[in-house]
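Residue numbers (my numbering): 735 to 933. Heads up: the structure comes next, in structure tokens.
Now the structure itself:
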């Protein structure tokens, strides 16, 4: 994209690009994302990995989550619109409503298992993206749940790892002061280490 676009325009274009992937093409890209992700030392060393249930065309990580099921935590939206995390419910494909799960107001599955932990207690947080650039700037769905929940985290903070298809990359993403940048982005094309990476 050569011309600067507003976040609203970018969000519309990149959501469409993400949702345009179907069938075998989508499956192959998701498999590559999962392989790259599973190979990361930050994931292998993590005790708690915050993942997500896919929504609106986001990459599906179910096989990866099943492989690391005992480490997987899922977000829940608090009344104040911050995120907390609960241990994952049983991750089985094609289950209409898994045990220990419910659908939130957006129709996304949330775990009802205990305990409930804050972002600071995660070792890695996998964040679905609408768009990203290589400096670690991310574009989400617009509700600000992750930015609100991650602002002010003290070091050592969780590794922030964006998950996206390569078609969601843009050259320069406008960033607001409250946006929390990523350490890595994992796409079907590979692992991108951003300049926010902590050595």
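The beta-carbon is built from N, C-alpha and C at its ideal position, and this holds for glycine as well.
Starting from residue 743, follow the alpha helix (DSSP H) in both directions and report where the run begins and ends. For residue 743, the enclosing alpha helix (DSSP H) begins and ends at 741 to 753.
With DSSP as the reference, label residue 926 as helix, strand or coil. strand
Roughly how many whole angstroms lie between the Cα atoms of residue 853 and residue 827? Residue 853 and residue 827: Cα-Cα distance of roughly 27 Å.
In the DSSP assignment, what are the bridge partners of residue 896? 861, 919
Reduced DSSP secondary structure (H/G/I, E/B, other) of residue 796: helix
Whole angstroms is fine: what's the gap from residue 836's alpha carbon to residue 811's? 12 Å
Kindly indicate which three-state DSSP category residue 736 falls into: helix, strand or coil? Because residue 736 sits at a pLDDT of 43, beneath the cut-off of 50, its placement in the model cannot be relied upon, and the following sentence gives the value as read from the coordinates. In the structure shown, residue 736 sits in coil (DSSP, three-state: anything other than H, G, I, E or B).
As a quick exercise: from 747, 872, 841, 842, pick the residue whose alpha carbon is nearest that of residue 914. 872
If residue 798 sits next to residue 925, beta carbons under 8 Å apart, how far is it from one beta carbon to the other, in whole angstroms? Incorrect: roughly 14 Å between the Cβ atoms, too far for contact.
Quick check for students: name the residue ranges of the beta strand (DSSP E) that lie wholly in the stretch 791 to 847, counting only runs of 3 or more. 806 to 811, 817 to 821, 835 to 837, 843 to 845
So, residue 838 versus residue 847, is the Cβ gap smaller than 8 Å? no
Is the CB-CB distance between residue 894 and residue 916 below 8 Å? yes
Could you say which of 922, 928, 911 lies nearest to residue 792 if we only look at CA atoms? 922
Quick one: what does DSSP say residue 933 is sitting in, helix, strand or coil? For residue 933, the pLDDT reaches just 45, beneath the cut-off of 50, and the residue's location in the model is therefore unreliable, although a value from the coordinates is still provided. Looking at residue 933 - three-state DSSP - the assignment turns out to be coil, as it is neither helix nor strand.
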